[in-house]
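Notes follow the structure.
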Amino acid sequence: MVGKKITNGQIEGALNKLLSGGDCLVMGFEKDSAGIRHRVFKDSLGNMSITNHIFALNGGLYLRRLFSKGARIALVLRPCEIRSYVELVKLSQVEPENIIAVSVDCFGTISSKVDGVPVDPDADVLGKEPDRARFACANCRERRGVVGDAGVRLDVSGQYWVLPYTEKGGKFLSLIEGPEEDVTVKMAIPPSKSAAAFQTDMAEFAKDFSNCIMCMNCRDMCPVCYCVDCVFNGDEYLPKGDALFNKIFRSGSTDMPSGKELFHLIRMYHVSQTCVGCGACEEACPQGIPLTKYFKGISERLQGIFSYMSGRDPNEQIPMVTFLEDELKNAED
Amino acid sequence: MEQKIEKNPEIVGFACSFCTFKASEMAGSLRMKYPEGVKLIQVPCSSRVDPAFVIKAIFEGADGVFVAGCHPGDCHFIKGNYFTRRKIAALKEELEAFGMKDKLRLFWVSAAEARRFVEKVTEMYNDIKEKKNGR
Amino acid sequence: MKTGIFICHCGHNIKHTVDVAGLSEYFRKYPQVTVSEDYPFLCSEPGQNMITDSIEKHGLDRVIVASCAPSLHGELFKDLLRKKDVNPFLLRRVSIREHCSWVGDDMEENTEKAKRLILSGLYGAAHFIPLEEKQVDVNKSALVLGGGVSGLSAALFLSKMDMQVYLVEETPELGGRVRELKSVWPSRKNGADIIAEMENELKARDNVAIFTSSKLTNFEGFFGNYQATIDTPNGEKKVMAGGVVVAIGFTPFDPDIKPELGYGRDPRIVTTLDLERMADALKLPDKPRVAVLHCIGSRDEQIGRPYCSRICCINALRAAEGIKERYPDSYVESFYMDMRAHPRGGEEFFEDTQEKGVLFTRANIAEIIPEPEGVVLHGEDTLLDEVFERGFDLVVLSIGMSSPATSRDIASLLKISLDKDKFFLEAHIKLRPFDTAVKGIFIAGSCSGPKDVEESISHGRASALKLYGFLNLGYAFVDPFISIVDPKRCSGCRMCEQACVAKAIKFDEDKHVVHVEEAACMGCGLCNATCPSSAISLKGYVDTIIGDEISALLEAM
Amino acid sequence: MDNSGKNVLVVGGGIGGITAALELASCGINVSMVESGPSIGGRMIQLDKTFPTLDCSTCTLSPKMVEVSLNHNIDLMSVSQITHMARKGPGFLVGIKKNPRYVDPKKCTACGTCSEACVMKDRIPHEFNMMLGKRAAIYMPFPQAIPQKYLVDPERCLFVSRGKCKKACMDACETGAIDFEDKGEELEAYFDSIVLAPGFDVYDPTEKQELGYGTLPGVVTGLEFERICSVTGPTGGDILLNGKEPKRFYFIQCVGSRDRQSGARYCSRVCCMYTAKHASIVKDRVKDAEVYVSYIDVRAYGKGYDEFYKTTQENGALYIRGIPGEVVEGDGCLVVRVEDMLTGEMREIETDMVVLATGVRPRKATAELCDVLSIECDDYGFIKVDAVAPSQTNVDGIFVCGMGSGPKDVPDTVASGGEAASRCMEYIVKGTGS
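Chains as they are written, first to last, in this note's numbering: chain C, 1 to 333; chain G, 1001 to 1135; chain X, 2001 to 2557; chain V, 3001 to 3434.
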């Protein structure tokens, strides 16, 4: 693998070259005294930040149904955001033709709900203050900038690199001055250890979700929950109004419909193959429900049985649309 | 009712109309016996079974749910049951994570296998009944 | 909504373990139920009248018939709705016989179960919408697979009915197994002559295309408009066929599967088929001792052939007779389990063979051991209940019929099903012995189970007639249970498109949604289950229907 | 091709005739079906269940019968006979006698009040139930009869036969459907081709005194037993012998088949299986029943038959190889004397009921029919057919299906019905030279 060593401002330089063309946008993070957030840059980068230690939402959210032909876009985002981009590409929710996706090594993030966090995008959250890191980051499957077309990575000596993974990535690399050289040094962030299989039960679920108000914000902020019209918008699973009272009338039982379980378990199944475990759902939850634990845990288990990993490789088919004739014998009773 | 359910499990089965449902018909015409708690919903192919149905059934009070289709390779729709196997395998994994894996089973029963059908559902019924009343 | 519920007693088949009167009473309380009645035989004329009358009287828009399994009388009850100009797909059948009264003994439990089954019908039917059976033109041509006596009969008949016929035979020549038979039961004619007659007649016709040494490689389309790809010696041929008659016959049982028979290890051990072929070549001492063994590869569970092959007893008798005629002083002993000389004249033939001096021993043969001085049979006489060893100069194995070697391939090409013995499965063994689960595809002759020549001819012609009856109208209806896309809800993720086995789903780049090619859709519903928002749904099996059926089966009552 | 305007006569309304008629009708042929009895359905509708699937006969056949009555291409004539026939070109001029039903089918609602009112009510042995159970002189043979109409039995009706009766039926009938003036109708029509489905009778075992049929109560024929088991039968489907439920059953196969004395060397092809069926019905309906079956060879040759035979044995039916020498009266039971050929021992087995698996005979009417149509029969009286064209009779244009040409089970009969229809079509098309 070859790549280029970079120094401060070099990526910005490359990106500016793209912008100067006039037909290209850059999506990344913008930093100012007030804080740090997603931003699309048009003519100039202003005070762009390559990294972001505060997590409010997953940038993939903005990419759903992005079919724009013509306009070129460079994404400089976290690995989890790029992974959700890759899944959206598989689901034809993004037209990747004119997009260059660059993933940047991530040192963990702190929830945007935590007050008084100093604005230091390069802060090594997991290294320096792990107790403040989000659950999702503490248990992240892929913090390394190894997904998308190119990656920005830090080696053990503290040197930043840009590494190309695709042809497009190569083009991006060519925008950066300096010689290409073989990458021999070890990178700072090692591959994540695979966590133990997530295990829970309905009692724990009931406890954790007792405050769920079914606002469905978790769904709305999920980068890979892409349906234009969710099944849970109808009365089918969650009877409301007449539908609810008809049900009560005919069944004689006055319990409220078991909406929570249905909604969350079915959604867990729906996103199981595409969930990147970013925890945007938990970030979005007004009730502070530990959603990541469940969605991340379930998706990792369910991807595991097909040795699939969401967002790893755009050429990897989503398991549910294919099969092997000789597999999963243990699933048969 | 509550009492009754406590004793006798309610089992909902999704049966492919080309094999398992036919087998169940044959089981009937051969007067084979199986518990009344086992009730079938006919689907054109096991691949029609949306895992959401299974989850819905479980949370509406089913003690067990099974999905039954043609043996791999015998699907009337050629490959449907291979997809079924993937879906159900994944769903089983999810249920297992919630400690409910014995609530769901996947059977292959061909149109000719009335006896197998009866054996499978009876076995499932009894296992679940034991657990229910074991507590 | 005006729903009518009709509950059948089916004589006492349902009544004796289900409180039918109680049921019809119970459902009257539901607001959406206008009529709820029970009747001894809904399928009988008065029963049918009762239904049509109440449809008319109450203007029902949903009809629920709780009776036998839906596979029975499907069209019958639909027609009742049609007769009253109610869309036939607003009918819901509930099986309270095969799935309730016959599988449980407890009256109370059964009634409770029936109640729930009917309730699920009631809830499900609430979401039914009128479906349209699209009329399509059908191609008045037929594809006949297999050039044996059955296939030939079918092809001949269809061609005489002015239908274009494509006859596909795997081997280089027509005639199948019959060609090899010296004397066909019961006509005693030479098989080759019978075939030659048919073959010449067929070849003289101008609306018949015969492909020998050819095989079906691809098959798509739907009833009335199938496209078949045939691999022939002169390249690939594509033909349009309205329907198919499958008559690929059988595979003679291969005795190698039972090594204890010693077949193939000694020239003195032959099959009935070998004997036919050898004929004059057969060389035996002038007073030969010959053994004829019945049920080789039949009624044998160990080797997965529990069925009777129907023809081998007669074959065995013909073999024994043949030997006796050629060698009057021969000692011929026939070893059998049950003498199944059932075809016309068979019993008389059996008696005559006995009178000709053939010995019949009811026995199980354990092993056949070729010794230099003779082939030794080790067996047990089940009448005298004693073990014996006897030497013979020739042992004839009356081999049974095994399922056609290609049955699985053909089945998967045509999407038809096989029975437990790998023969083709008929829609109903008595009333629809030629139909398969797939419309317009018929099975004939030994490929649906052992048959003799006479029966194979009957089958070939009868299934051909059925096909003709279907196609002669020139039009047919396509199954309305196909998938449909709601473009407003489709996200264009193309998961269904990738999953669809029939490749019936197409993506619209501009609108960024998918649509369904109706003719190609098989109606399995895989797409529906794959789409997270069910924007694509299978008519008749939409989420709301199945969802409410689930609720009905489980809700407190 | 357009087949309307072509006419085919189907003689006999059993499963064979019904199959042929429906197939022909589906090809657009105008079919006239002549049935000598008051209803179509033939022997099959008399059966309780059918082997090897054990599905009830009524359930499988009744819809077909209804189909016949609804099909616009089929004209059904009940209680009718063929009187004469003459060749006319490729086809036939046929005389048909429609006997009077004395009930106007347009008015009759099949409500049954007439039957209730009939003075002969419950006094006439019921043919449909093999003379078990009684009916009235005005009756409908069974609830699912097609046509769904009542009729008067002229021999037994006091008014028709003797001219004196208070005719309570007429008063009872609200629609005034009963018409004793009904003279029936004789007609002559042209048919392009004819399909015969005369069906069969069962052997009358009275001559076999050793088996005690007719002398010993509790000895019945297979078909009688069918009626006893049948829901529509005299006992409403409860297996009863003078009111009591028998516990011990003995089935004797090959009665009047494979048997020179009775004049039938042939195998009747259905008795082995219907006996197995009876055995399993008994095992299913009669709690801890004891079932013996005497046989020579068990001919379970059809699809799924051998498997069915095995299950029957597994369910506890005891098969004894050897046909009993005699059945005698015992102490409050019957005693069957049989030599078990497998053990060689002579056995005396006590039983409550003996069912004779009586063989198949050509229907009596077949002979006359064949005279009228100059059709050749074999020595047994079955219609002679060409072995390679199994429905081809000696008369060009006349075809036969079902038991008429020799013993067949239901699947074979259905197949031969289709075959006959196909030959028929072929003949017609050739006739028009197209």
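Where is the CB? At the ideal position from N, CA and C, for every residue including glycine.
No experiment lies behind these values; they were computed from the predicted model shown.
Proximal residues of chain V, C-beta to C-beta of residue i below 8 Å
| i | result |
| --- | --- |
| residue 2461 of chain X | 3418, 3419, 3422, 3423 |
Per DSSP, the bridge partner or partners of residue i
| i | result |
| --- | --- |
| residue 161 of chain C | C:5, C:153 |
| residue 1011 of chain G | G:1038, G:1064 |
| residue 3077 of chain V | V:3034 |
| residue 3416 of chain V | For residue 3416 of chain V, which the question treats as bridged, DSSP gives no partner whatsoever. |
| residue 2210 of chain X | X:2167 |
| residue 2633 of chain X | One cannot answer for residue 2633 of chain X here, as it falls past the ends of chain X, which runs 2001 to 2557. |
| residue 2135 of chain X | X:2477 |
Residue i at chain V interface by Cβ criterion, 7 Å
| i | result |
| --- | --- |
| residue 2039 of chain X | no |
| residue 2469 of chain X | yes |
| residue 2553 of chain X | no |
| residue 2099 of chain X | no |
Same chain, Cβ closer than 6 Å to residue i, five either side skipped, listed in chain order
| i | result |
| --- | --- |
| residue 2552 of chain X | 2119, 2120, 2123 |
| residue 1005 of chain G | Only weak support is given to the placement of residue 1005 of chain G: the predicted model assigns it a pLDDT of 45, under 50, and the value that follows is read from those uncertain coordinates. There are no such residues. |
| residue 2180 of chain X | 2276 |
| residue 3023 of chain V | 3418, 3421 |
CB contact check: residue i to chain X, cutoff 7 Å
| i | result |
| --- | --- |
| residue 1047 of chain G | yes |
| residue 229 of chain C | yes |
| residue 1071 of chain G | no |
| residue 84 of chain C | no |
| residue 1083 of chain G | yes |
| residue 244 of chain C | no |
| residue 1134 of chain G | no |
C-beta neighbour in chain G for residue i, strict 7 Å
| i | result |
| --- | --- |
| residue 266 of chain C | yes |
Whole-angstrom C-beta distance between residue j and residue i, which should lie under 8 Å
| i | j | result |
| --- | --- | --- |
| residue 2454 of chain X | residue 3390 of chain V | 5 Å |
| residue 2536 of chain X | residue 2514 of chain X | 7 Å |
| residue 3358 of chain V | residue 3222 of chain V | 5 Å |
| residue 3 of chain C | residue 136 of chain C | The Cβ separation is near 28 Å, so there is no contact. |
| residue 2451 of chain X | residue 2459 of chain X | 6 Å |
| residue 3068 of chain V | residue 3074 of chain V | 5 Å |
Listed by chain order, chain G residues near residue i by CB distance under 8 Å
| i | result |
| --- | --- |
| residue 2528 of chain X | 1048, 1050 |
Partners in chain X for residue i, counting only beta-carbon separations shorter than 8 Å
| i | result |
| --- | --- |
| residue 320 of chain C | 2495, 2499, 2530 |
| residue 354 of chain C | There is simply no residue 354 of chain C to check, as chain C begins at 1 and stops at 333 in what is shown. |
| residue 236 of chain C | 2543, 2544, 2547 |
| residue 1032 of chain G | 2103 |
Chain G residues whose Cβ lies nearer than 7 Å to that of residue i
| i | result |
| --- | --- |
| residue 2113 of chain X | 1036, 1039 |
| residue 3055 of chain V | 1029 |
| residue 298 of chain C | 1094, 1097 |
Cutoff 8 Å; reference residue i; Cβ partners in own chain excluding five residues on either side
| i | result |
| --- | --- |
| residue 156 of chain C | 185, 186, 187, 188 |
Within chain C, partners of residue i - CB distance below 9 Å
| i | result |
| --- | --- |
| residue 2489 of chain X | 227, 228, 229 |
Close Cβ partners of residue i (< 7 Å) along its chain, the five nearest in sequence each way excluded
| i | result |
| --- | --- |
| residue 2340 of chain X | 2308, 2313 |
Residue i: contacting residues in chain X (beta-carbon distance under 7 Å)
| i | result |
| --- | --- |
| residue 3267 of chain V | 2341, 2342, 2346, 2347 |
| residue 3237 of chain V | 2011, 2012 |
is_contact[residue i, chain C] using C-beta, thresh 7 Å
| i | result |
| --- | --- |
| residue 1055 of chain G | yes |
| residue 2067 of chain X | no |
Residue i: contacting residues in chain V (beta-carbon distance under 7 Å)
| i | result |
| --- | --- |
| residue 2464 of chain X | 3422 |
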